[in-house]
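Residue numbers (my numbering), protein chains in the order written: chain X, 10 to 613; chain Y, 2 to 389.
First up is the structure itself, then whatever we jot down about it.
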Amino acid sequence: MGYTDRSRIRNFCIIAHIDHGKSTLADRIIETTGLLTEREMQAQVLDNMDLERERGITIKSQAVRIVYKAKDGEEYILNLIDTPGHVDFNYEVSRSLAACDGAILVVDAAQGIEAQTLANVYLALDHDLDVFPVINKIDLPSADPQRVKDEIEDVIGLEAQDAPLISAKCGIGIDTVLEEIVARIPAPGGDEEKPLSALIFDSLYDSYKGVIIFCRIMDGRVKRGMTIRMMATGAQAEVVETGYFGAGQFIPCEELSAGMVGYITASIKNVKDTMVGDTVTDAENPCGEPLPGYKEVTPMVYCGMYPADGARYPDLRDALEKLQLNDASLYYEPETSVALGFGFRCGFLGLLHLEIIQERLEREYNLDLVTTAPSVIYKVHKTNGEIVELTNPSNLPDPTEIDYMEEPVVSAEIMVTKDFVGSIMELCQERRGRYISMEYMEETRALLRYELPLNEIIYDFFDALKSRSRGYASFDYELKGYEQSEMVKLDILINKEEVDALSFIVHSASAYERGRKMCEKLKDEIPRHLFEIPIQAAVGGRIIARETVRAMRKDVLAKCYGGDITRKKKLLEKQKEGKKRMRQIGSVEIPQKAFMSVLKLDDK
Amino acid sequence: MMKPLGIYIHIPFCVRKCLYCDFLSMPAPETVRARYMEALGEEMAAEAARYRAYRVGTVFVGGGTPSVLSAAQLAGIFSCLRAHYAVEADAEITIEMNPGTVTEEKLAVCREAGVNRISLGLQSVDNRELRRIGRAHTWEDFLEAYRMCAAAGFANLNVDLISALPGQTRESWRRTLQTTVSLRPIPAHISAYSLIIEEDTPFYALYGPDSGGSAAAGVCPLPDEDTDRDMYADTGRILAAAGYGRYEISNYALPGRACRHNCMYWERGDYAGFGLGAASMTDNRRWSNVRDMAAYLSLPADRKKAEMHSLSLSEQMEETMFLGLRMTRGVSRERFAHIFDRDMDTVYGPVLERYAAMGMLESYGGHVRLTDRGIDVSNRILADFLLT
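Quick look at the structure:
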């Protein structure tokens with residue numbers, strides 16, 4: 010294709026709150042422009058992974074190129090860049106936005122603006138994107154487009170009275186959206202004659218082609234044979250292929266030039282060489298400055314991952330290695346637990362990222378996993394001046410060596426309807442939140458700002474938020490920094506033996522409550538044995554809570570009838586098999602799921 | 002030298018299925034019963050060649066309820082048995098019967114055929130308890146049947162009882178025990194099981210792990226575990242006072258009246274099983290017949306077997322332990338060493354030690370046996386004697 014005329018290119022993304030219809034709109038646009046027939050479309054083309062389809066969220070960035078014949082008679086190239094839709098992936102979102110020139114803001118005609126919508130709009134405006142609103146789901150009986158339009162103007166300050174009223178689901182108003190894209194999103198700038206600078210917004214590992222770099226060309230051009238350099242990582246490679254994104258396939262092309270969105274392959278073996286946000290340039294004629302905004306992504310949440318069957322440790326290692334090929338933000342290193350044997354300490358961007366990796370390991374690699382309580386990174390200031398970054402509670406230095414500890418704190422925005430303000434404030438209070446401000450967006454909805462310790466929100470905060478607001482609250486956060494805090498290590502003793510995999514760091518004020526809940530939960534999870542089992546929670550050797558699993562009193566085989574020994578033996582075998590699925594701690598057998606059940610302790 | 006053999010004959014019919022019962026048994030019309038008896042006879046005849054080297058020391062006709070058969074059908078079983086098998090003169094021959102199906106004519110036929118032991122299902126003397134578990138008879142029906150058996154000249158009678166029934170209290174269970182030992186003539190043998198909620202029974206839906214507990218509306222609750230064990234202790238005490246010794250986890254007998262056929266299973270004697278789903282073992286090979294009635298009826302007489310399995314040496318050791326430990330006399334170390342040519346301790350040392358330390362197993366006079374506490378939780382312990 011010979012399109013180099015930048016005035017006919019539009020690079021844009023769609024921003025929306027979860028469930029407001031982002032992916033459905035993307036599908037309709039692709040379908041309407043005839044890129045795929047309806048039959049070829051599996052619902053939601055852009056969400057490739059099964060997981061993405063099931064959860065209705067986008068995990069990896071995606072892009073697709075569409076050719077649209079506008080009402081002015083000209084053909085335009087529309088590059089739609091789909092961004093991840095979760096706070097865990099905020100950095101990835103920001104890089105995808107940086108690759109665009111404009112954004113469509115999709116707002117649900119019934120639900121209006123949510124905290125996440127706001128966060129994403131502000132992010133887009135920060136990147137100088139032209140944003141225009143679209144009101145979706147007008148087919149719903151509860152739709153109130155005028156209210157939502159007013160809200161968009163009042164809350165965000167975007168002109169919204171002429172916003173297209175559409176239903177992506179029913180295919181209403183899609184043409185208007187396409188015309189608006191052409192009319193309202195600016196054509197890309199840039200200069201083909203300048204040295205190459207291209208922004209990496211994602212990359213993918215392919216076993217045949219090596220790493221496939223997703224990028225937006227800012228200046229210059231790139232073609233086969235050229236040697237490129239990644240400016241932050243310093244990696245160099247010779248370009249093998251350039252191309253653009255068809256729906257679900259890569260279509261090679263001669264070259265990519267300023268303003269275009271496409272991919273580059275260069276037989277690169279590791280996605281760690283092509284970090285999101287890095288700048289691709291010409292190794293022989295480099296640009297002066299890398300593009301702004303690059304940062305190294307560091308995991309925020311850590312947990313231990315162990316194979317349920319110890320013999321599968323090598324399989325877990327191979328699986329993590331493979332996943333990391335495609336996910337530069339996944340971190341892992343081997344660790345050993347007394348209770349769980351050999352496994353890995355893994356680092357993630359957030360809890361969703363953790364859950365995704367866990368599910369992929371279980372589904373795609375058929376592994377049964379035991380994971381330990383997720384932990385944030387604490388900074389331990391030792392009396393000798395040393396600072397330890399603690400990712401595994403078991404490595405906490407002796408209390409006598411600790412001067413003080415710091416924990417990460419986030420700035421959170423919670424949007425909630427008026428009726429639930431009280432219960433949400435209560436929740437934030439319980440989670441050691443510091444109230445910052447509250448403003449009413451309109452009569453019925455308020456935006457609460459809190460500072461919350463990260464470790465209070467990584468377990469189950471989102472679930473608690475949803476249940477206490479009957480699903481109406483929305484939530485967004487970003488890391489603010491570290492603050493000194495009274496943290497202690499809570500240990501769990503089962504039958505008087507400390508179980509390292511169950512230890513975690515907690516604020517001293519919540520230690521008792523959490524210890525008590527863990528003991529209660531474990532009491533339910535640990536089957537009765539032939540002897541009584543005390544379950545204790547301890548801080549610094551002092552017992553703060555206790556429960557007891559009573560001894561089993563009866564487990565007798567009934568009548569063994571007519572000499573049918575085989576059947577009775579099967580019962581005994583079943584019993585023995587059950588034991589194998591347990592972890593032996595001293596003389597106590599603990600089911601695998603007990604290690605995980607203690608992660609969700611909020612009972613409201 | 003002829004080898005000893007036990008014979009089990011399965012009659013998979015009953016008046017109606019009890020709510021707790023997971024045995025292979027169902028009500029069936031007369032036509033099915035007739036065809037079954039024919040097939041059973043053919044099987045016994047066809048299999049006889051296999052047992053030429055055996056003499057039959059015990060016979061057990063169980064079910065189901067064998068006494069639902071007609072007198073002629075009962076007579077047929079025993080004549081077929083004697084026609085094809087060498088039954089010892091002093092063989093123990095037992096038949097199971099349930100109240101409501103016993104007649105003088107059937108008893109006379111059995112007596113004539115050499116039956117010398119009758120096992121009667123009572124379960125409880127409380128009619129409300131009987132109704133709750135779906136039994137097809139009352140305490141009064143039982144008394145009548147028991148009287149008839151005694152009158153027909155049967156001196157070796159067993160009574161089956163079940164404890165821990167829905168709504169049962171310790172008092173009512175004691176009353177069941179005391180009433181049973183007051184029967185005259187006194188039963189020679191009492192089987193007293195604690196109710197087990199088996200899968201695929203109506204009780205599993207009511208009381209099983211997925212039932213949401215017995216708190217469901219209108220469901221009469223089961224006694225709790227502590228009460229259950231108290232009942233088990235009551236059983237031992239009351240029966241001991243009446244002269245019964247416990248020789249197996251759930252079986253009690255007056256001196257010299259332990260069921261020989263029953264002991265044969267625990268001691269791994271050779272036995273042949275005939276009829277639907279019946280299990281057999283000879284020369285360390287186990288097999289069983291098909292469990293599907295239509296298949297049993299249609300398959301040729303010598304082709305009714307579903308599974309055959311040769312026991313490895315370690316499987317034989319496992320069985321020796323988990324079956325033998327059900328007997329109160331336990332397992333003889335000397336016998337173990339004799340059979341397997343190695344010490345019990347070299348195979349099971351750590352398990353024996355662990356449970357001995359917990360007071361659940363004990364050694365005495367060259368035997369290893371479960372203690373009372375061990376019996377309560379015997380499943381857990383026996384499972385640990387599995388070697389694979």
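Glycine included, every Cβ here is placed at the ideal spot set by N, Cα and C.
Please state whether DSSP places residue i in a helix, a strand or coil.
i: lysine 305/Y; result: coil
i: lysine 304/X; result: coil
i: valine 116/Y; result: coil
i: arginine 104/X; result: helix
i: asparagine 252/Y; result: strand
i: tyrosine 77/X; result: strand
i: glutamate 189/X; result: helix
i: tyrosine 374/X; result: coil
i: glutamate 47/X; result: Its pLDDT being 48, under 50, glutamate 47/X is placed unreliably in this model, and the value from its coordinates should be taken loosely. Coil.
i: glutamate 507/X; result: strand
i: phenylalanine 21/X; result: strand
i: phenylalanine 540/X; result: coil
i: methionine 496/X; result: strand
i: cysteine 221/Y; result: coil
i: histidine 29/X; result: coil
i: cysteine 437/X; result: helix
i: leucine 6/Y; result: strand
Counting only the same chain and skipping the five closest in sequence on each side, list residues whose C-beta sits under 7 angstroms from that of residue i.
i: serine 1/Y; result: Residue 1/Y cannot be examined here, being either before or after the span of chain Y that is shown, 2 to 389.
i: glutamate 342/X; result: Phe353, Arg354
i: leucine 297/Y; result: Inspection of the sequence shows that residue 297/Y is occupied by tyrosine rather than by leucine. Cβ neighbours of tyrosine 297/Y beyond the five flanking positions: Ala40, Leu277, Asn290, Val291, Lys305.
i: glutamine 317/Y; result: Asn285
i: serine 446/X; result: Arg458
i: tyrosine 205/Y; result: Ile198, Glu199
i: proline 142/X; result: Leu114, Val116, Ile161, Leu167, Ala169, Ala172
i: isoleucine 78/Y; result: Ile10, Val62
By a C-beta neighbour count over all protein chains shown, 10 Å radius and 16 as the cutoff for buried, is residue i buried or exposed?
i: methionine 38/Y; result: buried
i: threonine 381/X; result: buried
i: serine 299/Y; result: exposed
i: alanine 52/X; result: With a pLDDT of 44 at alanine 52/X, under the threshold of 50, the modelled position of that residue is not reliable, and the figure given next carries that caveat. Exposed, by the Cβ-count rule.
i: histidine 411/Y; result: Lying before the first or after the last residue shown, residue 411/Y is absent from chain Y, which here runs from 2 to 389.
i: cysteine 179/X; result: exposed
i: valine 285/X; result: buried
i: valine 347/X; result: exposed
i: threonine 389/Y; result: exposed
i: leucine 378/X; result: buried
i: proline 256/Y; result: exposed
i: histidine 339/Y; result: exposed
Tell whether a beta-carbon distance below 9 angstroms holds between residue i and residue j.
i: aspartate 235/Y; j: serine 173/Y; result: no
i: valine 463/X; j: methionine 309/X; result: Residue identity check: residue 463/X is leucine in the sequence provided, not valine. Contact flag set, yes.
i: isoleucine 96/Y; j: serine 71/Y; result: no
i: arginine 175/Y; j: isoleucine 239/Y; result: yes
i: proline 13/Y; j: serine 26/Y; result: yes
i: arginine 17/X; j: alanine 196/X; result: yes
i: isoleucine 542/X; j: isoleucine 535/X; result: yes
i: lysine 388/X; j: glutamate 398/X; result: yes
i: glycine 614/X; j: leucine 205/X; result: Summary: the structure shown does not reach residue 614/X, with chain X confined to residues 10 through 613, and so no result is reported for it.
Quick one: residues in its chain with C-beta nearer than 6 angstroms to the C-beta of residue i, no 5 flanking neighbours on either side, listed in chain order?
i: methionine 328/Y; result: Glu249, Trp267
i: arginine 523/X; result: Val515
i: proline 188/Y; result: Leu158, Val160
i: histidine 362/X; result: Asp97
i: leucine 149/X; result: Ala119
i: valine 648/X; result: This structure does not reach residue 648/X, given that chain X is present from 10 up to 613, and the question cannot be answered.
Less than 8 angstroms between C-beta atoms, sequence neighbours within five positions excluded: which residues of the same chain meet that for residue i?
i: glycine 367/Y; result: Ser333, Arg334, Glu335
Please identify, using Cβ separations under 9 angstroms, the residues of the stretch 511-544 of chain X that lie next to chain Y, in order along the chain.
Correct list: His538, Leu539, Phe540.
The stretch 315-334 of chain Y: positions lying closer than 8 angstroms to chain X by Cβ:
Glu319, Glu320, Phe323, Leu324, Arg327
Chain X contacts from the stretch 341-365 of chain Y (Cβ-Cβ distance under 9 angstroms)
Arg355, Tyr356, Met359, Met361
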